[in-house]
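Chain order of the listed sequences is D and P.
Counting from 1, one number per residue, gives the positions in the first sequence under the numbering used here.
Counting from 570, one number per residue, gives the positions in the second sequence under the numbering used here.
Quick reminder that beta carbons are idealized off the backbone N, C-alpha and C, glycines included.
Report on the structure given below.
2 protein chains.
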Amino acid sequence: MRSSNYLLSTLKETPSSAEVVSHQLMLRAGMIRKLASGLYTWLPTGVRVLQKVQQIVREEMNRAGAIEINMPVVQPGDLWQESGRWEKYGPELLRIKDRHDRDFVLGPTHEEVVTELVRKEISSYKQLPLNLYQIQTKFRDEVRPRFGVMRSREFIMKDAYSFHLSPESLDQTYQTMFNAYCRIFERLGLEYRPVLADNGSIGGNASHEFQVLAQSGEDDIVFSDSSEYAANIEKAEALAPSEPRQTPTQPMILVDTPNAKTIEQLVEQFDLAIEQTIKTLVVVASKEADCELVALIVRGDHTLNEVKAEHHPLVSAPLQFASDEQIRAIIGAGPGSLGPVNLPIPMVIDRTVAQMSDFGAGANIDDKHYFGINWERDLVLPEVADLRNVVAGDPSPCGHGTLQIKRGIEVGHIFQLGDVYSKAMNATVLNEQGKSQVLSMGCYGIGVSRIVAAAIEQNHDDKGIIWPEALAPFQLIIIPMNMHKSHRVQKVAEQLYQQAQEAGIEVLFDDRKERPGVMFADAELVGIPHTLIIGERSLDNGIVEYKSRRQGEKIELAIEQAIAHIQSL
Amino acid sequence: MRSSNYLLSTLKETPSSAEVVSHQLMLRAGMIRKLASGLYTWLPTGVRVLQKVQQIVREEMNRAGAIEINMPVVQPGDLWQESGRWEKYGPELLRIKDRHDRDFVLGPTHEEVVTELVRKEISSYKQLPLNLYQIQTKFRDEVRPRFGVMRSREFIMKDAYSFHLSPESLDQTYQTMFNAYCRIFERLGLEYRPVLADNGSIGGNASHEFQVLAQSGEDDIVFSDSSEYAANIEKAEALAPSEPRQTPTQPMILVDTPNAKTIEQLVEQFDLAIEQTIKTLVVVASKEADCELVALIVRGDHTLNEVKAEHHPLVSAPLQFASDEQIRAIIGAGPGSLGPVNLPIPMVIDRTVAQMSDFGAGANIDDKHYFGINWERDLVLPEVADLRNVVAGDPSPCGHGTLQIKRGIEVGHIFQLGDVYSKAMNATVLNEQGKSQVLSMGCYGIGVSRIVAAAIEQNHDDKGIIWPEALAPFQLIIIPMNMHKSHRVQKVAEQLYQQAQEAGIEVLFDDRKERPGVMFADAELVGIPHTLIIGERSLDNGIVEYKSRRQGEKIELAIEQAIAHIQSL
């Protein structure tokens, strides 16, 4: 490809609207342009990278025995009614009406459509297991789209859905997909981790996320330093401390704390260790709880894990914190003065809290705290549960090593859905005994367009993108210096361009009338792995310069060996 | 691919809902399934064919210098306001509102979005010409979707848009696209014709359609029998008869015709030649006409060409026929008794009508006609225009040969848009003189999903589809007869399957436990070009049978030569 026939569209300035580096670089490198909030046009360089991702994903899905189909973007609303998600999904589901006033949605995912297909198409256990996938445009009406294609409204997903007669068969395909995903992310050349994940609103049993490690990631992921254990922090279990609870040494006393509305203030003003304090968080109770509010208690320096909280039977899902007014009406004190002693609502305490002794907490009276509280002496031990986020240094729940925390970008997610959808939509087949049986399902997503952004978050420097070879829009760029003034430079450049094409190398020939500095800057910004520089002076010695984008070093090559050298890399 | 790992999904019965053969066969061959009106899921066999089409289209677009981009499916409504199509497009444009109540559309085409991109991205004539394309899902909310993917609501298009500084540059790219389209349809192996076409509502100047010839086509296309001339009947010019008008021989007389409400009745009851009669059609006048209704007159055996009529300055666009009440109110007679004599509204007559003499027509009095009417003797010759559809046998407008008419399916359409969109949306660049200049545009569409249906309309027999090689979902099917009873059949089948894969042949190995008859029927239905049949009896002689789907003949091959034979085809 010649630059003069291409739409390079690089930008010198960093657009002020872009917060994260991948968004900035995708705009600057001419990969995307914003059409409207959360809607992006992919420019030629972006499309080239996107197609590389798609190709690798497609090859590995096919190799893993999945079969490609293509379902409509526009889906009938009645299927979403049937699955129950028409009500549940919230405003991210863009509901539309056609000219006949019938309900449709723009598909954010395709469980309903694929279940409808399979319940009509598959009648016998002999046709199972079956794993169907597509690579396709999806739409999610994000309230606040951001970070470019990382969280856009329209995006490209690979989504696969498998169907089974038994949990064992589901397990097997789940493992096959797990392995295929590992191959995909390895081939893409990304540093990634499969981590245990929460199933979230999609329902079902086991699930793993595939996270690309990057400091800008929105997810906290947790690793053991001496085992394979890895999990999203949402899912990582915080074990109970192994030491037994210490015997009380202090009496419980009521203390005036008029200026201590927060843990930090309390600790500072009364010279307490933060590990001797607790936080009492009040949330709306579930229907089962048979009361209005429930208190959740974690140690002063810990944070509530909202996913764990939401899964507790006493807590309403989705999680809703009580308002100050609700708290005062029922407890009689403000949120800064709450604690377990004399608390008139049910409470659940974190495992770590259950092992504490001689600790301080609000007294449920404004501006007063109790110090020296002890379980079983001053009050009955309440229900204990795992409620907190793990922190670095916690013991790993696998039993081996301690935990570390890194940031990640979720680019894949695999789920064992079980019969959530197949039951709601009555997707059955006849089993070997000739009896009707509800199908088990798995689903397996990859954020194809998001991978492009995640790869950049992980692979860039202050000059631009540094593509892994497998994703690069071009493998090689040929930069002739002042070609329009030197017939010799032009001749060698054209000749190398020709040779590179014949060798099957994806090559960009920068034949623009630009200064060499502009060309070098663009080549580095766009992140092409290999550069050949042709200059009048080095041609005197029969030489061209080679530069690697990642290593940065320049070496000299004989003209006639240049293309063979690129091929060898 | 093994059938046991595939979703073959063939149907024995023809679904009653499918009217045309391609729709029937796509359902029966397991290529598509209906999700809702005009919405189809593509099954694996369908996806394989679709991807072949996409690949050929992509290769030829790239070869022709077009650059691939990818624009969103969801488009901001304000761009459509700007181009004026928000009002004009009608209910086929699905208008939607996002969660913030902002207007969007599901893109039926992308002129607005690409013009928005180019006006922001391109500032100098140096970046022109530019030809951008995408292969992408589109949506058109058809009032009556039908014929499967031939006229569905969601479909896949390749759409390209070119931008130019001069009409000459537009001409040049238009010709390049014309040639690329010819290569595409040749590579697809389809019998097609490029034909002159009307620009329709998209606006602009020159345009050609690419029509796949098939009896079920919705379009009439017109050819010269002795030149390259070809046109959509909408566009084909009907020349004036070359013979001069004959001298009158009859007096004009008023005749009672109480039982002649139609041309057919008139001709039968009064023993007239239909060529001696005319039809007077009354339509709503344009604003320019400065009157309510206009009469359009064609010979009794001719039909009005509605596109030509609509283009006439006196006629309103879109064309609207007057109601019986409107006609009676202004003319004082019913539609069965209209004619040019004493007609109180403006009229335009077809070129053929202008050459008629001694003809009959309604008298604008109920149940009365004039016979023996002659122009310039009985009434002034009105405005003359080309108003009718050509008929087989007409002279070709190119001056060479006579016209034939065939049926076609429109699968591609190229347009010279000129400045219709760039002017409305103010898309300008600086020209060589440093002055702002409005861009010229071309646009070039291919109905990717429709091509699949059109190929079937053209290539099938009573057993099923007969794929052109380039489109076949598999090149070869291996059918082992009663493999589950014969270890020897199984062994040879597996061995040939292995060899075919190694030779890079796309092969389906029918390893199902089915009767041979079922396998043969499926192979013919799905239309795989080459079949190898492995049977116990012929193995005794070291032989397998080969069958060609298109030619139907069976030949015997030595086992060890079988795959080489397939490769040679």
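Are the beta-carbon atoms belonging to P1042(P) and I1102(P) less than 9 Å from one another? For the purposes of this step, residue 1042(P) is taken as the residue at position 473 of the second sequence. For the purposes of this step, residue 1102(P) is taken as the residue at position 533 of the second sequence. The answer is no: Cβ separation not under 9 Å.
Hey, how far is the Cα of F747(P) from the Cα of I983(P)? As a position in the second sequence, residue 747(P) is number 178, starting the count at 1. As a position in the second sequence, residue 983(P) is number 414, starting the count at 1. Rounded to the nearest angstrom, the two C-alpha atoms are 7 Å apart.
So, does the region 1001-1020 of chain P touch the region 721-737 of chain P, judging by three or more C-beta pairs under 8 Å? Touching, yes, given that three or more Cβ pairs across the two stretches are closer than 8 Å.
Euclidean distance between Cα positions of M150(D) and A453(D): Here residue 150(D) refers to the residue found at position 150 when the first sequence is read from its first residue. Here residue 453(D) refers to the residue found at position 453 when the first sequence is read from its first residue. CA-CA distance, M150(D) to A453(D), rounds to 6 Å.
Count the other C-beta atoms from every protein chain shown that fall within 10 angstroms of the C-beta of P44(D), then say buried if there are 16 or more, exposed otherwise. Within the first sequence, the letter at position 44 stands for residue 44(D). A residue is called buried once 16 or more other Cβ atoms fall within 10 Å of its Cβ, and P44(D) is buried on that count.
Figure out for me which residue from K1116(P), L1108(P) and V1087(P) has the closest Cα to the Cα of T1100(P). Residue 1100(P) sits at position 531 when you count from the first residue of the second sequence. It is K1116(P) whose Cα lies nearest to the Cα of T1100(P).
Continuous alpha helix (DSSP H) stretch holding G408(D): start and end: Counting from 1 along the first sequence, the entry for residue 408(D) is found at position 408. Per DSSP, G408(D) belongs to no alpha helix (DSSP H); it is in the beta strand (DSSP E), L403 to G418.
C-beta contact flag for E209(D) and E410(D) at 9 Å: Residue mapping note: residue 209(D) aligns to position 209 of the first sequence, counting from 1. Residue mapping note: residue 410(D) aligns to position 410 of the first sequence, counting from 1. Taking a C-beta distance under 9 Å as the contact criterion, E209(D) and E410(D) qualify as a contact pair.
Any beta carbon of chain D sitting closer than 9 Å to that of Y689(P)? The residue given as residue 689(P) occupies position 120 in the second sequence. Position check: residue 689(P) holds Lys in this sequence, whereas Tyr was assumed. Taking CB atoms only, K689(P) has a neighbour in chain D less than 9 Å away.
What separation, rounded to the nearest whole angstrom, lies between the Cα atoms of G970(P) and A805(P)? Residue mapping note: residue 970(P) aligns to position 401 of the second sequence, counting from 1. Residue mapping note: residue 805(P) aligns to position 236 of the second sequence, counting from 1. If you take the alpha carbons of G970(P) and A805(P), they lie about 14 Å apart.
Checking contacts by CB at 9 Å: is R617(P) closer than that to chain D? Taking the first residue of the second sequence as position 1, residue 617(P) is located at position 48. Yes - at least one Cβ of chain D is within 9 Å of the one on R617(P).
Could you please tell me which residues of the region 60-72 of chain D, in chain order, have their CB closer than 8 Å to any CB of chain P? Listed by position, the residues of the region 60-72 of chain D near chain P (Cβ gap below 8 Å) are G65, I67, E68, I69, N70, M71 and P72.
At a CB-CB cut-off below 9 Å, which residues of chain D make contact with A996(P)? The sequence position of residue 996(P) within the second sequence is 427, counting from 1. None at all; the shortest Cβ gap to chain D is about 15 Å.
Taking 9 Å as the CB-CB limit, is F104(D) close to chain P? Indexing the first sequence from 1 puts residue 104(D) at position 104. Judged by the 9 Å Cβ criterion, F104(D) is in contact with chain P.
For chain P, is any of its Cβ atoms less than 9 Å away from the one on W42(D)? As a first step, residue 42(D) is located in the first sequence; it is residue number 42 there, counting from the start. Taking a beta-carbon distance threshold of 9 Å, W42(D) counts as an interface residue toward chain P.
For L508(D), count the other beta carbons within 10 Å of its own beta carbon; 16 or more makes it buried, fewer makes it exposed. Which is it? Against the first sequence, residue 508(D) aligns to sequence position 508. With 16 or more Cβ atoms within 10 Å of its Cβ, L508(D) is classed as buried.
Hey, would you say V526(D) sits closer than 9 Å to I465(D), going by beta carbons? Here residue 526(D) refers to the residue found at position 526 when the first sequence is read from its first residue. Here residue 465(D) refers to the residue found at position 465 when the first sequence is read from its first residue. Contact flag set, yes.
Minimum C-alpha distance to D963(P) - residue among V863(P), P810(P) and I1025(P): Position 394 of the second sequence, counted from the first residue, corresponds to residue 963(P). The candidate whose alpha carbon is nearest that of D963(P) is P810(P).
Say whether chain D places a C-beta atom closer than 9 Å to the C-beta of N911(P). Taking the second sequence and counting its residues from 1, one reaches residue 911(P) at position 342. No, because no Cβ of chain D sits closer than 9 Å to the Cβ of N911(P).
Spatial distance of L1045(P) from E1075(P) (CA atoms): Position 476 of the second sequence holds residue 1045(P). Position 506 of the second sequence holds residue 1075(P). L1045(P) and E1075(P) have their C-alpha atoms spaced approximately 6 Å apart.
Rounded to whole angstroms, what is the Cα-Cα separation between T41(D) and A799(P)? Locating residue 41(D) in the first sequence gives position 41, where the first residue counts as 1. Locating residue 799(P) in the second sequence gives position 230, where the first residue counts as 1. Approximately 37 Å, taken between the alpha carbons.
Select from the region 739-750 of chain P all residues with a C-beta closer than 9 Å to any C-beta belonging to chain D, and list them in chain order. Those would be none; no residue qualifies.
Cβ-based neighbour list, D1091(P), same chain, cut-off 6 Å, excluding 5 preceding and 5 following: Working through the second sequence from its first residue, we reach residue 1091(P) at position 522. Within the same chain, D1091(P) has close Cβ partners T579.
Beta-carbon separation of E690(P) and L27(D) under 9 Å? For this step, residue 690(P) is matched to residue 121 along the second sequence. For this step, residue 27(D) is matched to residue 27 along the first sequence. Going by C-beta atoms, E690(P) is not nearer than 9 Å to L27(D).
Could you have a look at H208(D) and say whether DSSP puts it in helix, strand or coil? The residue labelled residue 208(D) in the question sits at position 208 within the first sequence. Strand at H208(D).
Any C-beta of chain P sitting closer than 9 Å to the C-beta of I96(D)? As a first step, residue 96(D) is located in the first sequence; it is residue number 96 there, counting from the start. Yes, because at least one Cβ of chain P sits closer than 9 Å to the Cβ of I96(D).
In chain P, which residues lie with their C-beta within 8 Å of the C-beta of N482(D)? Within the first sequence, residue 482(D) is the residue found at index 482, counting from 1. Ordered by position in chain P, no residue passes the 8 Å Cβ test against N482(D), which lies about 18 Å from the chain.
For R571(P) and V49(D), what's the separation of their Cα atoms in angstroms? For the purposes of this step, residue 571(P) is identified with residue 2 of the second sequence, where counting begins at 1. For the purposes of this step, residue 49(D) is identified with residue 49 of the first sequence, where counting begins at 1. A straight-line Cα-Cα distance of about 32 Å links R571(P) and V49(D).
Could you confirm whether any beta carbon from chain P is found closer than 9 Å to the beta carbon of E514(D)? The sequence position of residue 514(D) within the first sequence is 514, counting from 1. Proximity of E514(D) to chain P, defined by a Cβ-Cβ separation below 9 Å, is not satisfied.
Enumerate in chain order the residues of its own chain whose CB-to-CB distance from F321(D) is below 6 Å, with the five nearest sequence positions on each side excluded. On the first sequence, position 321 is the one that residue 321(D) refers to. Non-local beta-carbon contacts of F321(D) in its own chain, meaning distances under 6 Å to residues more than five positions away in sequence, involve V283 in chain order.
Taking C-alpha atoms, which residue in S693(P), G1111(P) and S885(P) lies nearest to G1166(P)? Absent from the model: residue 1166(P). The displayed extent of chain P is 570 to 1138, so no value can be given.
Can you find at least 3 beta carbon pairs, one from the region 135-145 of chain D and one from the region 107-114 of chain D, that sit closer than 8 Å? With a cut-off of 8 Å, the region 107-114 of chain D and the region 135-145 of chain D count as touching, because enough Cβ pairs lie within range.
Using DSSP with H/G/I as helix, E/B as strand and the rest coil, what is Q838(P)? Your numbering for residue 838(P) matches position 269 in the second sequence. It is helical.
Determine whether the beta carbon atoms of I253(D) and G418(D) lie at a separation below 9 Å. Taking the first residue of the first sequence as position 1, residue 253(D) is located at position 253. Taking the first residue of the first sequence as position 1, residue 418(D) is located at position 418. Taking C-beta atoms as the reference points, I253(D) and G418(D) fail to come closer than 9 Å.
Can you have a look at Q75(D) and say buried or exposed, based on whether 16 or more other CB atoms are within 10 angstroms of its CB? The sequence position of residue 75(D) within the first sequence is 75, counting from 1. Under the 10 Å beta carbon count, Q75(D) is surrounded by 16 or more other beta carbons and is classified as buried.
Quick one: what does DSSP say D788(P) is sitting in, helix, strand or coil? If you number the second sequence from 1, residue 788(P) lands on position 219. Reduced to three states, the DSSP call for D788(P) is strand.
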